[in-house]
Ligand code: SF4
Ligand code: SF4
């Protein structure tokens with residue numbers, strides 16, 4: 005295992021053993037066999053000099069740059085950064101030095117030189133309203149750019165809930181006519197990495213897989229990497245025993261909240277949300293939303309913004325997430341259903357347009 | 006957070022009370038056979054292999070049982086690399102228990118490796134070269 009990447013790392017004080025350990029753990033997180041860790045280390049370490057690295061083009065559409073923030077603020081900057089050293093990031097508006105015509109030239113040069121082989125990463129949704137006029141880059145609508153760049157891509161990564169499902173721009177009433185990447189591109193392998201923003205290691209894991217095996221990892225029915233989205237937040241939540249015992253916090257500062265009881269009644273969407281927050285956690289494994297006392301918003305699920313209120317319990321009526329498991333969940337927690345019934349009445353009295361009021365928070 | 010830190014509560018376990026009490030799922034003993042299989046392979050072909058303990062449906066109690074059953078051999082090595090890693094040989098030489106911790110001390114991954122020496126412990130020729138350069142520097146300082 006030797007190559008320019010290892011030399012670069014060594015200069016930054018990262019040893020070969022640290023690198024191998026990182027790859028072993030990454031493979032384990034991705035539910036790949038242990039030998040894959042070695043293969044990843046080999047593939048990335050022996051990545052050739054800059055000119056021949058796999059080309060990656062990253063297009064930002066209707067987005068907030070939160071996804072880029074998430075990735076660039078990741079856990080072990082040198083190690084996560086290493087994945088980016090192993091690729092040639094030929095176009096990324098936020099990170100690239102070039103601007104204007106120069107940037108557009110870089111994009112087209114990369115597309116031509118790596119035709120059929122480059123990986124396309126998209127963050128942000130694509131507005132179809134007003135012929136795509138809501139979001140344009142270099143005088144071209146996002147729709148046209150996506151179609152043009154997708155044509156020569158080997159595979160596409162839809163980064164974040166916006167690219168994967170439309171996300172916040174698509175929230176009711178969807179003023180720009182926002183849609184997801186897979187709504188437009190039908191003839192390329194697309195992997196969705198939803199989350200608002202997605203977890204950095206999921207992104208690097210998918211990139212490492214592409215670099216090592218030249219393909220995308222195994223996906224579920226919503227096009228997400230199974231290894232990270234195979235289980236719900238609720239499946240792996242450390243507050244789960246309280247849920248099973250029927251112990252729920254009723255407000256954000258009652259005894260239950262202080263005791264760390266389940267946040268289901270405070271609107272936690274963990275039971276219907278597939279993501280790895282409960283195990284991988286955020287900010288370098290420091291904590292994650294439920295651990296800091298707030299329920300999961302369901303940010304990695306389609307239309308999470310319109311799921312009927314962040315502070316509304318899942319079992320309440322008018323739940324647009326419409327997951328089949330909801331009914332079973334309400335049934336499992338004996339006795340809980342009764343308290344929901346009252347709340348159901350309260351919410352029914354509200355207008356269809358849901359805004360979060362203090363009363364919601366104080367439920 | 007490590008999965009171990011989640012207290013496991015078995016619900017609806019009336020049909021399976023014994024297992025629920027001990028926290029054992031019954032998945033661990035099977036692993037011994039697999040490890041034996043891998044040890045055979047190591048002897049026959051020299052091929053090393055590993056089992057990812059995180060990838061298997063093992064409860065904390067299962068892991069504990071396995072760790073205890075395999076026992077502690079003569080070699081324990083610690084690796085400091087963005088968090089501590091422990092590589093310890095079990096009472097069965099060639100069967101290693103490898104635990105990687107992250108910077109926060111949480112278990113990041115855990116493996117059983119069946120190999121003469123875990124790859125991570127071996128010095129890489131390129132690293133030996135760097136060490137040699139350093140040695141030569143030390144020697145030149147002597148004069
Ligand atoms: S409802 Fe939320 S807080 Fe409660 S156990 Fe599930 S994920 Fe955790
Ligand atoms: S806990 Fe839920 S809302 Fe929060 S980041 Fe994870 S999936 Fe998104």
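Residue numbers (this note's numbering), protein chains in the order written: chain L, 5 to 367; chain Y, 6 to 148.
The beta-carbon is built from N, C-alpha and C at its ideal position, and this holds for glycine as well.
Here the structure is a predicted model, which is why all the values come from computation and not from measurement.
At least 3 beta-carbon pairs within less than 8 angstroms: the segment 245 to 253 of chain L vs the segment 230 to 237 of chain L | no
Just to confirm before moving on: does the CB-CB distance between residue 127/L and residue 110/L stay below 8 angstroms? no
Per-residue DSSP class, three states only, for residue 83/Y: strand
Query raised in the report: Going along chain Y in order, which residues have a C-beta closer than 8 angstroms to the C-beta of residue 24/L?
Result: 124, 125
Considering only their Cβ atoms, is the gap separating residue 105/Y from residue 114/Y smaller than 8 angstroms? yes
Worksheet item: Is the beta carbon of residue 275/L within less than 7 angstroms of some heavy atom of ligand 1?
Response: yes
query: Going by C-alpha distance, which of 42/Y, 71/Y, 60/Y is nearest residue 33/Y?
result: 71/Y
Practice task
Taking 5 angstroms as the limit, tell me which residues put their C-beta closer than that to any heavy atom of ligand 3, in chain order.
Solution key: In the structure shown, ligand 3 is absent; the only ligands present are ligand 1 and ligand 2.
Discussion item. What residue range does the alpha helix (DSSP H) around residue 106/L cover?
Written reply: 104 to 117
- Determine the chain L residues that contact residue 116/Y at a beta-carbon separation under 8 angstroms, and present them in chain order. 28, 32, 38
Quiz item: For the segment 259 to 278 of chain L against the segment 155 to 164 of chain L, are there 3 or more C-beta pairs whose distance is under 8 angstroms?
Solution: no
Original post:
residue 294/L by DSSP, collapsed to three states: which one?
Top reply: coil
| Which runs of the beta strand (DSSP E) spanning at least 3 residues fall entirely within the segment 68 to 117 of chain Y, listed in chain order? | 81 to 85, 89 to 94, 100 to 106
Next on the checklist: Can you tell me whether residue 44/L is helix, strand or coil according to DSSP?
Outcome noted: helix
Item to check | For residue 163/L, the first and last residue of its enclosing beta strand (DSSP E) | outcome: 157 to 163
Exercise. Please report how far the alpha carbon of residue 176/L lies from the alpha carbon of residue 204/L, in whole angstroms.
Key: 28 angstroms
- What residues from chain L crowd round residue 84/Y, counting only those whose CB sits closer than 8 angstroms? 21, 25
TODO: Would you please verify whether the beta carbon of residue 208/L is less than 8 angstroms from any beta carbon of chain Y?
DONE: no
>> Please list, in chain order, the residues of the segment 288 to 309 of chain L that have any C-beta partner in chain Y closer than 7 angstroms.
In response: 289
* chain Y residues whose Cβ lies nearer than 7 angstroms to that of residue 107/L -> Under the 7 angstroms cutoff, chain Y gives no residues; its nearest Cβ is about 35 angstroms from residue 107/L.
Worksheet item: Taking the alpha helix (DSSP H) that residue 122/L falls in, what are its first and last residues?
Response: Taken as a continuous stretch (DSSP letters only), residue 122/L belongs to no alpha helix (DSSP H), being part of the beta strand (DSSP E) at 122 to 127.
- request: Indicate whether residue 118/Y and residue 101/Y have their beta-carbon atoms separated by less than 8 angstroms.
  value: yes
Contact with chain Y by residue 35/L, beta-carbon distance below 8 angstroms
yes
Report yes if the C-beta distance between residue 157/L and residue 145/L is below 8 angstroms; otherwise report no. no
Notebook entry, point to check: In chain L, which residues lie less than 8 angstroms from residue 132/Y when you measure between Cβ atoms?
Noted result: 19, 20
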